[in-house]
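*Asks:* In the numbering used here, the protein residues as written are 11 to 944.
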């Protein structure tokens with residue numbers, strides 16, 4: 011058995027992992043105890059990474075290129091040569107007929123830095139278009155714009171180590187306990203070691219993070235700037251600012267001071283919906299703390315004024331001089347594993363390599379010289395929302411998508427789906443053909459995934475880690491950079507031939523590379539802009555491009571990263587280690603060398619509530635899922651904490667609408683509607699609702715939450731306001747329910763059954779398709795019919811029984827034709843293997859539990875078709891799983907707490923929360939609630 015060091019492919023914490031493998035397959039994973047991002051810890055997602063690489067999971071991977079030459083025909087397997095030749099021909103024709111800006115690339119923060127670099131050079135250097143943007147536009151572009159507006163560069167000035175030294179920690183717009191769990195463990199450790207640390211959390215919801223706070227400011231959605239301006243007002247009024255620092259190292263403070271004069275705590279309290287005295291307390295804690303650190307994420311970024319949100323919180327640090335010191339600074343938490351690396355190489359429509367700006371002529375000339383092209387186009391490229399609008403208008407004729415799922419993740423999905431369907435040629439470079447976007451692809455290209463490729467990633471604290479290959483990719487899948495290079499070489503030859511000249515870019519201009527030719531199959535490769543034969547050769551060119559820049563990594567190399575471990579940039583030539591924190595000398599990368607205060611004013615959320623849409627809809631993450639669930643969704647145990655799509659509402663709002671727990675409701679927005687189960691939650695204010703972002707068309711009827719979100723963007727960052735939408739929620743009258751439960755014979759992960767049942771989602775008024783189980787996987791299909799719709803007839807039930815394998819001759823069956831009730835149960839080796847319930851479904855939970863546990867049916871067989879929520883011969887169903895690592899359920903925890911166990915005794919008995927710790931905040935909350943009741 012071998013071990014290979016790598017990183018976790020989920021959030022931006024950038025945890026180091028050690029992959030256990032036999033050189034052909036991955037058998038296990040554990041945290042890397044030497045990696046400074048996590049010191050061996052992993053969350054539930056990272057700790058189950060090996061379960062995404064089982065033979066059953068790999069069987070679902072995209073293994074070969076697939077092509078359709080017409081929209082009306084199915085894709086067919088083709089060779090790589092045929093696939094890339096066809097793609098190059100299509101792009102060449104479109105560029106020749108419509109110009110370089112008629113093509114575009116939409117890429118991902120989950121690519122490696124080397125992959126990003128090639129795509130950026132391909133678009134801006136070879137083709138001559140800046141139409142290359144990334145899904146990082148949806149999560150981090152406001153943070154980028156906020157840093158640049160105030161500090162002068164997209165450079166988070168802090169390190170995770172600062173958490174250990176902070177006296178006041180302000181977390182804003184981030185449920186860190188769920189979105190960055192390993193980092194939250196570090197926060198918990200720091201608070202234990204330094205009890206004097208104050209934790210302030212700003213979030214409309216009382217999340218697990220907010221539950222742990224000393225002060226929770228549950229502001230109304232979109233009112234962040236009013237809060238931070240009011241805090242600055244208090245800092246000024248109570249003389250808690252640092253006038254010497256302001257005078258020596260900043261500019262623009264006098265203009266901002268005039269603005270914040272009006273933002274009294276009382277005024278901000280009215281805007282934000284919090285107590286004025288709480289605003290004063292937060293400001294005092296921040297201002298009086300010797301070291302104050304802020305952590306923030308999508309709650310600030312995904313806003314129509316996200317850039318100003320970021321600037322407003324940065325102002326607090328500049329005004330108090332709490333930046334560039336241990337325990338101090340504004341720290342934007344990255345959402346994706348390599349969104350930072352993508353920004354470093356210029357993988358956004360408005361950026362160039364090494365944090366150069368597209369709008370700067372000198373920067374464009376520098377990059378043109380580096381790449382050996384005549385110039386880099388000055389015209390700004392299309393950002394994510396703009397890009398798909400241009401596709402919808404027919405202006406983009408060829409679109410290349412890599413490692414992302416815009417058919418689920420972009421706002422206003424109805425229009426996005428229309429755009430993708432209209433685009434003449436769509437390429438999707440992915441690990442799986444089972445995503446919402448794949449349905450629109452004319453060409454599917456199989457890419458290598460986690461554990462199968464080599465390169466580098468940069469995490470939230472500017473730390474670069476080398477990612478190494480553990481096992482080969484399945485089938486003919488290739489590394490992303492290799493796919494891009496092979497395509498680019500074909501395209502540059504075609505563009506040169508079409509102009510009957512030597513290699514040229516898409517504008518017909520000379521494009522002779524200053525780089526040496528590469529080697530391929532033992533033969534010399536003709537002069538090319540893309541001479542790379544290894545990921546390391548790409549890194550070397552990127553490294554060279556950074557010398558002299560704010561992110562200078564001239565002193566880095568693959569060899570150094572392997573020998574000395576991950577390093578933080580900048581790390582200049584001659585340096586022996588990276589840089590922990592920035593701006594300690596008070597010098598900033600602006601024209602004046604000073605940080606800038608900007609004139610920010612409160613502005614409301616882009617979409618106001620109204621009598622027809624009276625609820626504010628918020629979106630966010632689940633603890634155990636990631637993005638569109640294409641990876642986490644195939645691990646059955648990761649469904650256990652949140653088993654199905656649902657909308658959380660305040661109990662008062664549910665009561666007013668006649669909605670009870672578990673009812674099906676219609677959520678209506680201005681761009682569409684969707685059906686969801688309703689869940690009562692006291693974590694929300696009245697008139698607010700919350701839906702997780704992860705559920706898409708593979709798991710539920712309809713496109714998911716982004717069918718309701720709006721495409722309004724921040725005017726600077728162009729990041730869409732995915733966090734807020736105005737909706738109405740109404741009870742949906744149902745006439746019947748159907749449930750199909752079936753153990754997947756494929757093994758521990760999603761097999762063919764889940765994929766095979768996906769077309770069934772469209773056959774009902776509403777349906778969900780999820781997973782359950784631990785050692786084995788159970789596929790769970792739930793469907794509802796409207797009150798005026800007939801119950802499923804015998805033909806449909808027979809078809810579903812056949813699709814789920816419940817039509818075996820030995821299956822038990824019950825039918826009451828008069829009442830439309832039908833039930834089936836499949837028993838194999840004395841274990842319940844599946845069940846089908848139509849109209850009468852009260853036994854669903856315990857039947858599912860019985861299938862998952864694999865217990866004997868000897869005592870329960872006679873009760874399988876009884877209309878009982880709990881069988882007489884067994885205890886109640888276990889319910890939702892709180893601790894995924896140790897498989898401890900909510901019902902078990904509540905019973906132990908009710909019996910008098912405190913948290914320590916509970917953990918001693920059940921071991922819950924003693925492994926990764928992701929469930930600890932919830933365990934503490936449950937223990938506290940029980941203690942209060944007692």
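Where a beta carbon is used, it is the ideal one built from N, C-alpha and C, also for glycine.
All values reported here derive from a predicted model rather than from experimental measurement.
Rounded C-beta distance between residue 328 and residue 160? I'm assuming under 8 Å.
*Replies:* As a working note, residue 328 is residue 318 in the chain shown. As a working note, residue 160 is residue 150 in the chain shown. Their Cβ separation, rounded to whole angstroms, is 7 Å, which keeps residue 328 and residue 160 in contact under 8 Å.
*Asks:* May I ask you to list the residues that DSSP assigns as paired with residue 776?
*Replies:* Position 766 of the chain shown, counting from 1, holds the residue named residue 776. Beta-bridge pairing links residue 776 to 794.
*Asks:* Count the other CB atoms, across all protein chains shown, that sit within 10 Å of the CB of residue 785; report buried if there are 16 or more and exposed otherwise.
*Replies:* By one-based count along the chain shown, residue 785 stands at place 775. By the 10 Å Cβ count, residue 785 comes out exposed.
*Asks:* Between residue 372 and residue 333, what straight-line distance do the alpha-carbon atoms span, to the nearest angstrom?
*Replies:* Residue 372 sits at position 362 when you count from the first residue of the chain shown. Residue 333 sits at position 323 when you count from the first residue of the chain shown. Each residue's Cα considered, the two are about 30 Å apart.
*Asks:* By how many angstroms is the C-alpha of residue 100 removed from the C-alpha of residue 394?
*Replies:* If you number the chain shown from 1, residue 394 lands on position 384. If you number the chain shown from 1, residue 100 lands on position 90. The straight-line gap from Cα to Cα measures roughly 22 Å.
*Asks:* Alpha carbon to alpha carbon, how far is residue 301 from residue 206?
*Replies:* Counted from its first residue, the chain shown places residue 301 at position 291. Counted from its first residue, the chain shown places residue 206 at position 196. When rounded, the distance between both Cα atoms is 12 Å.
*Asks:* Is it buried or exposed, residue 11, if we count other Cβ atoms within 10 angstroms and call 16 or more buried?
*Replies:* Residue 11 sits at position 1 when you count from the first residue of the chain shown. The residue in question, residue 11, is exposed, as its Cβ has fewer than 16 Cβ neighbours within 10 Å.
*Asks:* To the nearest angstrom, how far is the alpha carbon of residue 55 from that of residue 268?
*Replies:* Here residue 55 is taken as the residue at index 45 of the chain shown, counted from 1. Here residue 268 is taken as the residue at index 258 of the chain shown, counted from 1. Straight-line Cα distance between these residues: approximately 47 Å.
*Asks:* Does the Cβ of residue 733 have 16 or more other Cβ atoms within 10 Å, making it buried, or fewer, making it exposed?
*Replies:* The residue labelled residue 733 in the question sits at position 723 within the chain shown. Per the 10 Å Cβ criterion, buried.
*Asks:* Could you have a look at residue 626 and say whether DSSP puts it in helix, strand or coil?
*Replies:* Numbered from its first residue, the chain shown carries residue 626 at position 616. Residue 626: strand per DSSP, three-state reduction.
*Asks:* Can you check which of these residues, 778, 251, 748 and 583, is closest to residue 806 by C-alpha distance?
*Replies:* Working through the chain shown from its first residue, we reach residue 806 at position 796. The shortest Cα separation from residue 806 among 778, 251, 748 and 583 belongs to 748.
*Asks:* How big is the Cα-Cα spacing for residue 945 and residue 181?
*Replies:* As displayed, the chain neither begins before 11 nor continues past 944, which places residue 945 out of reach and without an answer.
*Asks:* So, for residue 547: in the same chain, excluding its five sequence neighbours on each side, which residues have a beta-carbon less than 7 Å away from its beta-carbon?
*Replies:* Sequence index remark: in the chain shown, residue 547 carries index 537 (1-based). Result list for residue 547: empty, nothing under 7 Å.
*Asks:* With a threshold of 7 Å on Cβ separation, who are the neighbours of residue 859 within its own chain once the five nearest residues in sequence on each side are excluded?
*Replies:* Here residue 859 refers to the residue found at position 849 of the chain shown. Answer for residue 859: 887 and 888, listed in chain order.
*Asks:* Shorter than 8 Å from the beta carbon of residue 607 to some beta carbon of chain B?
*Replies:* Chain labels in this structure do not include chain B; a single protein chain is all it has.
*Asks:* Excluding the five sequence neighbours on either side, which residues of its own chain have a C-beta within less than 6 Å of the C-beta of residue 647, listed in chain order?
*Replies:* Translated into the one-based positions of the chain shown, residue 647 becomes position 637. If we look at residue 647 and ignore the five residues flanking it on each side, its Cβ neighbours are 784 and 894.
*Asks:* How far does the beta strand (DSSP E) with residue 826 in it reach, from first residue to last?
*Replies:* On the chain shown, residue 826 is found 816 positions in, with the first residue counted as 1. That run of the beta strand (DSSP E) goes 822–826.
*Asks:* The ligand PLP and residue 439: does the residue's C-beta get closer than 7 Å to at least one heavy atom of that ligand?
*Replies:* Absence of the ligand PLP is noted for the structure shown, with no ligands found whatsoever.
*Asks:* When you compare the segment 277–295 with the segment 630–638, are there three or more beta-carbon pairs, one atom per stretch, that lie closer than 8 Å?
*Replies:* No: the two stretches stay apart, fewer than three of their Cβ pairs being nearer than 8 Å.
*Asks:* Could you pull the start and end residues of the alpha helix (DSSP H) that residue 174 belongs to?
*Replies:* What you label residue 174 is simply residue 164 of the chain shown in a count that begins at 1. First-last of the alpha helix (DSSP H) with residue 174: 172–175.
*Asks:* Within 10 Å of its beta-carbon, does residue 202 have 16 or more other beta-carbons around it, so buried, or fewer, so exposed?
*Replies:* What you label residue 202 is simply residue 192 of the chain shown in a count that begins at 1. Classification of residue 202: exposed, given that the 10 Å Cβ count is below 16.
*Asks:* Could you tell me the boundaries of the beta strand (DSSP E) in which residue 659 lies?
*Replies:* Here residue 659 refers to the residue found at position 649 when the chain shown is read from its first residue. Start and end: 656–659.
*Asks:* Nearest by alpha-carbon distance to residue 138: which of 108, 117 and 146 is it?
*Replies:* Position 128 of the chain shown holds residue 138. Nearest option by C-alpha distance: 108.
*Asks:* For the segment 113–170, list the beta strand (DSSP E) runs that are entirely contained and at least 3 residues long, ordered along the chain.
*Replies:* Counting whole runs of 3 or more residues, the segment 113–170 contains the beta strand (DSSP E) stretches 113–117 and 142–144.
*Asks:* Short of 8 Å in beta carbon distance, which residues of its chain neighbour residue 757, apart from the five on each side in sequence? Order them along the chain.
*Replies:* Here residue 757 corresponds to residue number 747 of the chain shown, with the count starting at 1. Below a pLDDT of 50, predicted positions are generally treated as unreliable, and residue 757, at 43, falls in that range; the measurement from the model is reported next regardless. Answer for residue 757: 64, 65, 66, 786 and 787, listed in chain order.
*Asks:* DSSP three-state label for residue 542, please.
*Replies:* Counted from its first residue, the chain shown places residue 542 at position 532. Residue state, collapsed to three classes: coil.
*Asks:* Are residue 767 and residue 791 closer than 8 Å when you measure CB to CB?
*Replies:* Numbered from 1 along the chain shown, position 757 holds the residue referred to as residue 767. Numbered from 1 along the chain shown, position 781 holds the residue referred to as residue 791. Closer than 8 Å, so yes.
*Asks:* Exposed or buried, what is residue 820 when buried is set at 16 or more other beta-carbons lying within 10 Å of its beta-carbon?
*Replies:* As a working note, residue 820 is residue 810 in the chain shown. Its Cβ having fewer than 16 others within 10 Å, residue 820 is exposed.
*Asks:* Exposed or buried, which one is residue 26 when buried takes at least 16 other CB atoms within 10 Å?
*Replies:* The residue you call residue 26 lines up with position 16 of the chain shown. That one is buried.
*Asks:* Just the Cα atoms here: how many angstroms apart are residue 330 and residue 603?
*Replies:* Translated into positions along the chain shown, residue 330 becomes position 320. Translated into positions along the chain shown, residue 603 becomes position 593. Answer to the nearest angstrom: the Cα atoms are 18 Å apart.
*Asks:* Would you check if the segment 141–160 and the segment 460–480 touch, i.e. whether three or more CB-CB distances between them fall below 8 Å?
*Replies:* Result no; under three Cβ-Cβ pairs closer than 8 Å.
*Asks:* Any chance you could list the alpha helix (DSSP H) runs of at least 4 consecutive residues sitting entirely within the segment 420–476, in chain order?
*Replies:* Taking only runs of at least 4 residues, the alpha helix (DSSP H) segments lying wholly in the segment 420–476 are 423–432.
*Asks:* Which first and last residues belong to the alpha helix (DSSP H) in which residue 17 is found?
*Replies:* Residue mapping note: residue 17 aligns to position 7 of the chain shown, counting from 1. From DSSP, residue 17 is part of no alpha helix (DSSP H) but of the beta strand (DSSP E) over 12–17.
*Asks:* Are residue 52 and residue 184 closer than 8 Å when you measure CB to CB?
*Replies:* Walking along the chain shown from the start, residue 52 turns up at place 42. Walking along the chain shown from the start, residue 184 turns up at place 174. Taking 8 Å as the Cβ cut-off, residue 52 and residue 184 do not qualify as a contacting pair.
*Asks:* Is residue 45 helix, strand or coil by DSSP?
*Replies:* In the chain shown, residue 45 corresponds to position 35, counting from 1. Three-state DSSP puts residue 45 in coil, outside helix and strand.
*Asks:* Consult DSSP for residue 418 and reduce its assignment to one of helix, strand or coil.
*Replies:* Taking the first residue of the chain shown as 1, we reach residue 418 at position 408. Three-state result, residue 418: helix.
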